[in-house]
Amino acid sequence: MSPANPHESALLEDLNAPQREAVLHGDGPLLVLSGAGSGKTRVITRRVAYLVKVHDVYPWRILAVTFTNKAAREMRERLVQLLGAQANELVVSTFHSAAAQILRREAEHVGLTRSFVIYDDSDQLNVVKRAMREAGIESLQPREILHRIDQEKNAARLPEHMQVAPGDERGQLVRKVYAAYQDRLRAANAVDFGDLLLLLVTLFRTRPDVLENYRRRFHHVLVDEFQDTNPVQYALLKQLAPPPSANLVVVGDDDQSIYRWRGADVDNILGFPRQYPGARVVKLEQNYRSDQNILDAAHEVIRKNTRRMEKKLWSERQRGQTLNLMLNRDERAEGQEVARQILALQREGFIKLSSMAVFYRANAQSRVLEEALRLARVPYTLVSGRSFYDRAEVRDASAYLRLMVNPRSDADLLRIINIPARGIGDTTVERVTDFANTRGVSLYEALSQPELIPALNSAAVKRLKGFRNLLESLTAFAQTNEEAAGAVDQMLRETKLVETLQAEGSDESQTRAENLREFLGAAQEFDLNRAAAAVAAAANPPSEVPPEVDAAPLTADVPALQAFLEQISLVGEADAEVGDGRVALMTLHAAKGLEFDAVFLTGMEENVFPHSRAVKSESTFLNEVASAEGESSEEMAEERRLCYVGFTRARKRLFVSLAQCRSLFGELRYNAPSRFLRDVPPALFGISEQEVPEAPKPMVPSTPRKRTWDEDDGPRIDRSYSQASDMDGVSGDVRGMRVRHEQFGVGRVVSADGNGPNAKVTVEFGGGVGLKRIIARFLIPG
DNA sequence: GAGGTTGTAATTTTT
DNA sequence: TTACAACCTC
Numbered sequence: 038m039s040p041a042n043p044h045e046s047a048l049l050e051d052l053n054a055p056q057r058e059a060v061l062h063g064d065g066p067l068l069v070l071s072g073a074g075s076g077k078t079r080v081i082t083r084r085v086a087y088l089v090k091v092h093d094v095y096p097w098r099i100l101a102v103t104f105t106n107k108a109a110r111e112m113r114e115r116l117v118q119l120l121g122a123q124a125n126e127l128v129v130s131t132f133h134s135a136a137a138q139i140l141r142r143e144a145e146h147v148g149l150t151r152s153f154v155i156y157d158d159s160d161q162l163n164v165v166k167r168a169m170r171e172a173g174i175e176s177l178q179p180r181e182i183l184h185r186i187d188q189e190k191n192a193a194r195l196p197e198h199m200q201v202a203p204g205d206e207r208g209q210l211v212r213k214v215y216a217a218y219q220d221r222l223r224a225a226n227a228v229d230f231g232d233l234l235l236l237l238v239t240l241f242r243t244r245p246d247v248l249e250n251y252r253r254r255f256h257h258v259l260v261d262e263f264q265d266t267n268p269v270q271y272a273l274l275k276q277l278a279p280p281p282s283a284n285l286v287v288v289g290d291d292d293q294s295i296y297r298w299r300g301a302d303v304d305n306i307l308g309f310p311r312q313y314p315g316a317r318v319v320k321l322e323q324n325y326r327s328d329q330n331i332l333d334a335a336h337e338v339i340r341k342n343t344r345r346m347e348k349k350l351w352s353e354r355q356r357g358q359t360l361n362l363m364l365n366r367d368e369r370a371e372g373q374e375v376a377r378q379i380l381a382l383q384r385e386g387f388i389k390l391s392s393m394a395v396f397y398r399a400n401a402q403s404r405v406l407e408e409a410l411r412l413a414r415v416p417y418t419l420v421s422g423r424s425f426y427d428r429a430e431v432r433d434a435s436a437y438l439r440l441m442v443n444p445r446s447d448a449d450l451l452r453i454i455n456i457p458a459r460g461i462g463d464t465t466v467e468r469v470t471d472f473a474n475t476r477g478v479s480l481y482e483a484l485s486q487p488e489l490i491p492a493l494n495s496a497a498v499k500r501l502k503g504f505r506n507l508l509e510s511l512t513a514f515a516q517t518n519e520e521a522a523g524a525v526d527q528m529l530r531e532t533k534l535v536e537t538l539q540a541e542g543s544d545e546s547q548t549r550a551e552n553l554r555e556f557l558g559a560a561q562e563f564d565l566n567r568a569a570a571a572v573a574a575a576a577n578p579p580s581e582v583p584p585e586v587d588a589a590p591l592t593a594d595v596p597a598l599q600a601f602l603e604q605i606s607l608v609g610e611a612d613a614e615v616g617d618g619r620v621a622l623m624t625l626h627a628a629k630g631l632e633f634d635a636v637f638l639t640g641m642e643e644n645v646f647p648h649s650r651a652v653k654s655e656s657t658f659l660n661e662v663a664s665a666e667g668e669s670s671e672e673m674a675e676e677r678r679l680c681y682v683g684f685t686r687a688r689k690r691l692f693v694s695l696a697q698c699r700s701l702f703g704e705l706r707y708n709a710p711s712r713f714l715r716d717v718p719p720a721l722f723g724i725s726e727q728e729v730p731e732a733p734k735p736m737v738p739s740t741p742r743k744r745t746w747d748e749d750d751g752p753r754i755d756r757s758y759s760q761a762s763d764m765d766g767v768s769g770d771v772r773g774m775r776v777r778h779e780q781f782g783v784g785r786v787v788s789a790d791g792n793g794p795n796a797k798v799t800v801e802f803g804g805g806v807g808l809k810r811i812i813a814r815f816l817i818p819g
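Taking our numbering, the leading residue of the first sequence gets 38, the next gets one more, and so forth.
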């Protein structure tokens with residue numbers, strides 16, 4: 038640490054005092070409480086770089102984990118900038134990826150082989166259903182059981198560790214299914230997301246010698262987004278970096294804990310100083326992102342939560358413009374108004390489309406917003422987790438690939454046994470399944486001699502044989518082939534998946550065939566990246582390694598196809614490029630960790646945001662608990678944090694939008710304005726107390742009231758009583774009426790089918806357009 | 001066994 | 001409104 042080290046000043050120069058303290062912190066545990074936009078990732082990456090460059094810590098000694106792929110990716114990118122090729126020796130990944138990699142190395146200790154596959158949510162559900170059938174349990178919803186199983190796993194409990202009260206029959210049933218479910222996963226050489234962590238923790242608990250190998254290797258463990266860790270993850274951290282004195286650095290913000298439903302426990306961060314007594318605590322409260330108005334609004338929302346570590350963000354930035362409140366008649370008007378404001382901002386010229394974003398609470402809200410943006414010709418990208426790999430045809434292809442690696446995977450086999458259609462129907466499948474169950478073998482094994490299966494006719498036996506031969510051929514191919522793309526290509530060829538789709542001839546099937554080609558493209562890209570990484574690794578002389586330490590990359594020796602499959606399961610597709618001149622649309626959860634010049638937070642209504650479930654839990658909570666004033670349910674507290682996350686994504690402009698009524702699954706709902714809205718002082722919106730929207734009174738849906746919330750045109754409120762909505766009540770005689778359409782211009786109504794906004798209206802347009810059938814809501818009178 | 005039809009239920013957030 | 005499952009028919 039001589040000051041002469043040229044790296045030292047470069048790594049520290051643009052850090053503020055607490056940031057610097059965190060980077061310079063020596064050995065022992067450290068908790069960095071890092072408010073939104075306070076440079077959290079910067080601190081963690083600088084610290085890693087500082088350890089490597091100034092303290093000469095070997096990069097392979099450092100394990101940096103986060104919760105989401107996005108965060109892991111960003112961390113890795115920044116570390117590559119700071120450390121260059123040395124960054125490749127670091128382990129930087131999500132909890133689940135890191136656990137999967139370690140588990141693969143140690144597979145034989147936990148009853149798996151190295152080629153185990155990872156089941157996702159829908160695979161899990163299938164296994165639960167089969168486990169229920171096996172256990173003869175029908176009284177519970179498979180979904181609910183799966184949820185319970187997940188909770189147990191998040192809490193680090195195997196079936197035998199479940200705490201079930203003697204009289205709790207449901208609990209008993211859950212445990213029974215859980216046990217059968219685990220048996221099935223093991224038999225299929227498969228794990229689910231929860232197993233990745235739980236099996237590893239169990240392994241480390243039962244085999245201290247194995248754990249010791251990893252402790253010897255990783256001298257520095259750093260955790261980003263620590264507020265979102267669940268008990269298993271925390272248990273894993275404590276194993277690798279045991280209290281009280283290990284070099285464990287956790288960075289997070291209790292106010293941004295938004296994964297409770299997945300078992301995340303805010304107490305992990307709140308109680309860290311107790312678990313690691315003597316831990317240094319550093320608070321980062323200077324915000325570099327948002328204008329002060331935005332921070333004030335966010336603070337007013339979050340301060341209502343009772344259990345939190347007190348901190349208040351401040352900014353040297355200007356106060357900036359006030360927030361904008363957008364009142365809309367319904368969700369369609371909301372979409373139109375968002376589109377209009379986006380275009381207006383763009384015209385002003387200070388903010389690019391690529392630094393604008395539209396947030397919503399639930400994915401279901403996106404459709405209407407997309408429609409509105411499309412109509413207004415606003416380019417946008419939908420930022421969603423893993424849509425491509427969720428498509429049915431892509432999942433089918435993945436199922437084949439997984440079988441090539443691991444033919445015992447029953448869930449995958451069942452998925453594709455009749456895809457493309459090969460005449461193996463439900464009855465046959467059931468007979469095969471029964472046979473396999475009584476013999477206690479996998480389906481693949483059962484198919485080795487289909488003639489032994491009772492009650493099958495010869496045609497069925499023949500088809501099953503053909504299917505088994507196909508799988509054998511593919512499996513054999515996978516064993517000799519070195520590349521992922523080669524395996525995908527061979528699989529597509531032998532299964533005729535693409536061919537079958539193309540032969541079908543519909544537009545739909547063409548798209549699906551193209552998706553499969555894209556899937557092949559993804560595999561090719563994967564191979565290229567892998568080759569490039571290998572070249573880079575070869576060019577970079579590895580750090581010195583003491584003989585007693587295994588410092589090999591965790592992914593060493595994993596065959597290409599397997600690595601590709603793991604990426605599909607755990608990482609999904611890379612995020613769509615944000616920034617190519619498009620507005621980003623995403624859920625509030627997806628927004629965490631991102632920032633934009635302008636943010637539109639839509640659906641700010643009770644039962645939408647906060648979500649109806651939280652609203653319900655709140656009322657039970659208030660009924661049952663004689664709570665201290667201001668106390669609220671954990672669910673509601675989490676919604677509040679989510680709102681805080683949403684607000685603090687905005688750098689300069691924050692538009693908060695709500696609709697007076699909204700149709701949610703068919704039904705028209707009149708929701709009160711979100712409680713979070715009322716927590717923000719009206720002055721921050723540039724409005725007076727009287728202009729704060731009130732809960733609309735229930736009204737008859739057929740007579741939409743207009744101008745409900747305020748009658749006069751006060752300043753700064755963006756009203757968007759959509760003009761288009763004037764056609765909502767298409768009724769009576771509208772023939773001859775003059776109307777306007779975005780694309781087709783002015784025309785005259787010839788006839789109308791039906792009533793309401795969805796009535797189909799035939800319009801004669803001018804300008805050579807002629808007759809068109811248009812949905813009424815896309816027309817503007819006049 | 002395949003494919004279409006009707007009925008019903010369920011709608012948060014993601015590794 | 002949609003998604004999915006059970007059901008029915010060919």
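Positions of the beta carbon are idealized from the N, C-alpha and C atoms, including for glycine.
Looking at the structure shown, is P196 part of a helix, part of a strand, or coil, going by DSSP?
helix
If you follow the beta strand (DSSP E) that E482 is part of, which residue opens it and which one closes it?
According to the DSSP assignment, E482 belongs to no beta strand (DSSP E) but to the alpha helix (DSSP H) extending over 480-483.
Less than 8 Å separating the beta-carbons of F132 and V102?
yes
Tell me whether A54 sits in a helix, a strand or coil according to DSSP, three-state version.
Reduced to three states, the DSSP call for A54 is helix.
What are the start and end residues of the alpha helix (DSSP H) that includes A597?
597-607
Put E322 into one of helix, strand or coil per three-state DSSP.
coil
Restricting to Cα atoms, I'd like to know which of C698, F713, F241 is closest to R706.
Nearest Cα to R706 within the set C698, F713, F241: C698.
With distances taken between CB atoms, is the gap from L451 to V431 smaller than 8 Å?
With contacts defined by Cβ atoms closer than 8 Å, L451 and V431 do not form a contacting pair.
G640, buried or exposed, once every other Cβ within 10 Å from all chains shown has been counted against 16
buried
If the criterion is Cβ atoms closer than 8 Å, does the pair L248 and K190 meet it?
One thing to note: L248 has its Cβ no nearer than 8 Å to the Cβ of K190.
Could you check the C-alpha separation between I295 and G289 for me, to the nearest Å?
12 Å
Express the C-alpha separation of Q599 and E519 in angstroms, rounding to a whole number.
10 Å
Can you tell me whether K275 is helix, strand or coil according to DSSP?
helix
On a Cα-Cα basis, can you pick out the residue from D447, S327, A496, R194 that is closest to G460?
A496
So for V258, helix, strand or coil by DSSP?
Strand.
Quick one: what's got a C-beta closer than 6 Å to A272's C-beta in the same chain, skipping five residues either side?
A193, V238
Report the partner residues of E704 according to the DSSP bridge assignment.
According to DSSP, which records beta bridges pairwise, E704 is partnered with L701.
Which residues in the same chain have their Cβ closer than 7 Å to the Cβ of F241, if we skip the five residues on either side of it in sequence?
V247, L248, Q276
Going by DSSP in three states, S762 sits in which element: helix, strand or coil?
Caution is warranted here: a pLDDT of 33 is assigned to S762, below 50, making its placement in the model unreliable, and no coordinate value can be reported.
Counting C-beta neighbours from all protein chains within 10 Å, is the total for D594 16 or more, i.e. buried, or is it exposed?
exposed
Could you check where the beta strand (DSSP E) with D229 kicks off and where it finishes?
227-229
What residues match up with V288 in a beta bridge as DSSP calls it?
V69
Straight-line CA distance for E45 to D51?
Roughly 12 Å separates the two Cα atoms.
For E704, does the count of other Cβ atoms within 10 angstroms reach 16, so buried, or fall short, so exposed?
exposed
When the Cα of S649 is compared with those of P310, R398, Y215, which residue comes out closest?
R398
Within 8 Å, do at least three Cβ pairs link the region 630-647 to the region 679-696?
Verdict: yes, contact present.
In chain order, which continuous runs of the beta strand (DSSP E) of length 3 or greater are located wholly inside the region 525-555?
none
Exposure label - Q270; buried when at least 16 CB within 10 Å:
buried
Contact belief for A172 with A217 at Cβ below 8 Å, rounded distance in angstroms
5 Å
Cβ neighbour criterion (16 or more within 10 Å) applied to V572:
exposed
Could you compute how far the alpha carbon of S392 sits from the alpha carbon of R79?
20 Å
Starting from F504, trace the alpha helix (DSSP H) both ways and give me its first and last residue.
495-517
Could you tell me which of S580, A73, N644 sits nearest to L321, measuring between CA atoms?
Nearest option by C-alpha distance: A73.
Where does the unbroken alpha helix (DSSP H) through F153 begin, and where does it stop?
Where F153 is concerned, there is no enclosing alpha helix (DSSP H), given that its DSSP letter is neither H nor E.
Return the chain-ordered list of same chain residues with a C-beta closer than 8 Å to the C-beta of S700, the five sequence neighbours on each side being excluded.
Cβ neighbours of S700 beyond the five flanking positions: D367, E368, R706.
Straight-line Cα distance separating E536 from A875:
Summary: the structure shown does not reach residue 875, with the chain confined to residues 38 through 819, and so no result is reported for it.
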